[in-house]
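Structure first, then comments.
Number of protein chains: 2
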Amino acid sequence: MATNQISWIAADWGTTNLRIWLMSASNDIMAHRQSDKGMGKLKPAEFEAALLDLLDDCLTPDAETPVVICGMAGSRQGWVEAPYITTPCTPPGLADATHVTGTDRRITVSILPGVKQIDPADVMRGEETQIAGFLASEPSFTGIICLPGTHTKWVHVSNGTIASFSTFMSGELFDLLSRQSVLRHGVQQSEINTEAFSSAIMDIKKAPQNFAAELFGIRAKGLIAGLTPSAAFSRLSGLVIGAELSALDLTAAPDGNVIILGADRLADAYATGLQALGLSSRKTSVETATLHGLILAHSQLKETET
Amino acid sequence: MATNQISWIAADWGTTNLRIWLMSASNDIMAHRQSDKGMGKLKPAEFEAALLDLLDDCLTPDAETPVVICGMAGSRQGWVEAPYITTPCTPPGLADATHVTGTDRRITVSILPGVKQIDPADVMRGEETQIAGFLASEPSFTGIICLPGTHTKWVHVSNGTIASFSTFMSGELFDLLSRQSVLRHGVQQSEINTEAFSSAIMDIKKAPQNFAAELFGIRAKGLIAGLTPSAAFSRLSGLVIGAELSALDLTAAPDGNVIILGADRLADAYATGLQALGLSSRKTSVETATLHGLILAHSQLKETET
């Protein structure tokens, strides 16, 4: 790889991973690299070294290659805090970014801000860049964007702005329950059994207050009613996602205008859950959206420079 | 201690602890002992030794001291499985117990069964003995008994029978969320702040489907709205207990006829939660109820023998 082709660096720095793309001046991906040095494992003084670990061989002395970062690296426990902007707002760009001072002279580092909502209190870091990336390809989109994950976010987007959003701890709940609670004895990871999943969705939609009782019910059904570990896995997933879907006002999403930013099993589960409630959705790559969001931010940098 | 005073042994053998009482013929407590050798730490072949560890010094050769056990020692993963009896039923007694064969000749071991409910599927082991003990002192009680814990149970009791019951994984949910989820960063164990606790109860009662969003809301309020770690602790407790209380039909409990079997902080939290919903309750010692239930079972043994 000829290092002189690298024009700038796009970085998605989350809690558990650091992902970077080495970009050409025309926004071609020259290389993609990643490490497990997520924000959660680093003290503020360790971020620069973690970044240079992935970059050191391709930086030009004194060229000041721009690095544009989104995600948890900008949190209070991150590298440098990048203050939130407040909803309703357009997805933040480089004008709102926080510059990291005192870094290696071969790089200039900008961290994009997150977005906060005052009431109900909510926060995002990283997702705003993914939304910007999605809107770059569909600028007139109005509807709801679902970003599945440890903390799944549902974002109302209207006329290019993030109008409001809501975060659910469902992914983390599911992981804790399936791996660390008493349910772990009777739950086995497997393909989603659509029947068990969908009936759990409907059960919890009917009586969401029964959540903690339905959880124990999975244990009891395993002990006395022959619920298999794989069906228990699907039922647990259905209860957690079903409660979440019951909480959403999806009337703001005209048919087909629920976008799921993701293409993995979790994204499939949300699509299946929406379907069980009679709602259609579209899935689209979150990695592409992230990169497009970072490219958009970097393009603002170029505009500022000219 | 003169070992010849020991007439029988009462044992409450749960998942995490083994508690025994050395009892005289007239049901006075000669000694109380306990170990951390709960069912969860033992293989079937290890139960007898764990019991004898606490007893060895006070058994008479060939006297065949009766040991009456309730709790998880009778589960499938326990010492010997003691099959469930089915609701509606009177709390099971020694006639329903499972005899453990082949033990040390100085003891005869009986394990009381648990209770199961077919629809909705539910199970208990140990609580049935506590209910029996409570009913021994209030035989005409009709109402609801709450047994707070890792898996809190709410039991409808009518005319001396366990009519139906419902188990909530709330205690385990709270522990996982406060100690192992992202919320651990912003939650600090402290005295319950009644205002934060009660407002969480009312919030989740209004919209129980928002549970996973309200959980993340605790994180967000800590980051951007100044929620203190101690208020966050109370809010988390209020959300978990409030969702549970919203799921219950408490119309079956005439005023004052919600009994909470427990006297610890968790029992206090349930009492405060019921109060926030305008319901009164009475707390009573669960240890006393357990022992009385075991005494009741043992007294049936004596009747059988005569």
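Chain order of the listed sequences is A and B.
Heads up, the first sequence is in the numbering used here, so the first residue is 208 and it goes up one at a time.
Heads up, the second sequence is in the numbering used here, so the first residue is 208 and it goes up one at a time.
Just so it is clear, CB atoms sit at the ideal spot from N, CA and C, and this is done for glycine as well.
Three-state secondary structure (DSSP) of residue i
i	result
residue 376 of chain A	coil
residue 231 of chain A	coil
residue 273 of chain A	strand
residue 259 of chain B	helix
residue 301 of chain B	helix
residue 428 of chain A	helix
residue 308 of chain A	coil
residue 328 of chain A	coil
residue 250 of chain A	coil
residue 513 of chain A	Because residue 513 of chain A carries a pLDDT of 47, less than 50, the predicted location of this residue cannot be relied on, and no value is offered for it.
residue 501 of chain B	helix
residue 208 of chain A	For residue 208 of chain A, the predicted model reports a pLDDT of 45, less than 50, meaning its position is unreliable and no value from the coordinates is stated.
residue 243 of chain A	coil
residue 317 of chain A	strand
residue 411 of chain B	helix
residue 495 of chain A	helix
residue 289 of chain B	coil
residue 481 of chain B	helix
residue 266 of chain B	coil
residue 486 of chain A	coil
residue 283 of chain A	coil
residue 226 of chain B	strand
residue 389 of chain A	helix
Nearest neighbour of residue i, chosen from the options [CA to CA]
i	options	result
residue 213 of chain A	A:319, A:219, A:220 and A:232	A:232
residue 373 of chain A	A:353, A:259 and A:304	A:353
residue 294 of chain A	A:423, A:403 and A:368	A:368
residue 328 of chain B	A:247, A:479 and A:425	A:425
residue 305 of chain A	A:314, A:359, A:228 and A:320	A:320
residue 460 of chain B	B:472, B:414 and B:481	B:481
residue 217 of chain B	B:395, B:262 and B:401	B:262
residue 318 of chain B	B:325, B:283, B:355 and B:297	B:283
residue 472 of chain B	B:387, B:487, B:458 and B:492	B:492
residue 269 of chain A	A:497, A:311, A:405 and A:224	A:311
residue 486 of chain A	A:235, A:298, A:457 and A:445	A:457
residue 260 of chain B	B:394, B:227 and B:273	B:227
residue 264 of chain A	A:313, A:400 and A:296	A:313
residue 297 of chain B	B:364, B:447 and B:375	B:364
residue 307 of chain B	B:336, B:337, B:274 and B:392	B:274
residue 421 of chain B	B:507, B:433 and B:407	B:407
residue 447 of chain B	B:476, B:470 and B:429	B:476
residue 215 of chain B	B:272, B:242 and B:309	B:272
residue 483 of chain B	B:466, B:497 and B:445	B:445
residue 436 of chain B	B:392, B:405 and B:414	B:392
residue 366 of chain A	A:342, A:379, A:440 and A:323	A:342
Status (buried if at least 16 other CB within 10 Å, exposed otherwise) for residue i
i	result
residue 346 of chain A	exposed
residue 209 of chain B	Here residue 209 of chain B scores only 46 on pLDDT, less than 50, and its place in the model is too uncertain to base an answer on.
residue 416 of chain A	buried
residue 303 of chain A	buried
residue 505 of chain B	buried
residue 355 of chain A	buried
residue 256 of chain A	exposed
residue 409 of chain B	exposed
residue 290 of chain A	exposed
residue 513 of chain A	The predicted model places residue 513 of chain A with a pLDDT of 47, which falls under 50 and marks its position as unreliable; any figure quoted below should be read in that light. Looking at its Cβ environment, which holds fewer than 16 other Cβ atoms inside 10 Å, residue 513 of chain A is exposed.
residue 239 of chain B	exposed
residue 250 of chain A	exposed
residue 400 of chain B	buried
residue 433 of chain B	exposed
Chain D contact for residue i (CB, 8 Å cutoff)
i	result
residue 440 of chain A	No chain D is part of this structure, whose protein chains are labelled A and B.
Exercise. At what residue ranges does the stretch 437–473 of chain A contain a whole run of the beta strand (DSSP E), taking only runs of 3 or more?
Worked result: 465–468
Problem set entry | alpha helix (DSSP H) segments (min. 4 residues) lying fully within the stretch 330–372 of chain A | 334–344
Problem set entry | Against chain A: residues of the stretch 245–263 of chain B by CB proximity under 8 Å | none
Exercise. Relative to chain A, which residues along the stretch 325–336 of chain B have a C-beta separation below 8 Å, given in chain order?
Worked result: 325, 327, 328, 329 and 330
Exercise. The stretch 402–421 of chain A: which residues have C-beta closer than 9 Å to a C-beta of chain B, in chain order?
Worked result: 411, 412, 414, 415, 416, 417, 418, 419, 420 and 421
Problem set entry | Selection of the stretch 442–472 of chain B by Cβ proximity to chain A, strictly under 8 Å | 447, 450, 451, 453 and 454
For this session: Give, in chain order, every residue of the stretch 345–378 of chain A whose Cβ lies closer than 7 Å to some Cβ of chain B.
Result: 358, 373, 374, 375, 376 and 377
Problem set entry | Members of the stretch 386–399 of chain B that neighbour chain A once the beta carbon cut-off is set at 9 Å | 387, 388, 389, 390 and 392
Problem set entry | Near-chain B residues of the stretch 426–440 of chain A - C-beta to any C-beta below 7 Å | 427, 428, 430, 431 and 432
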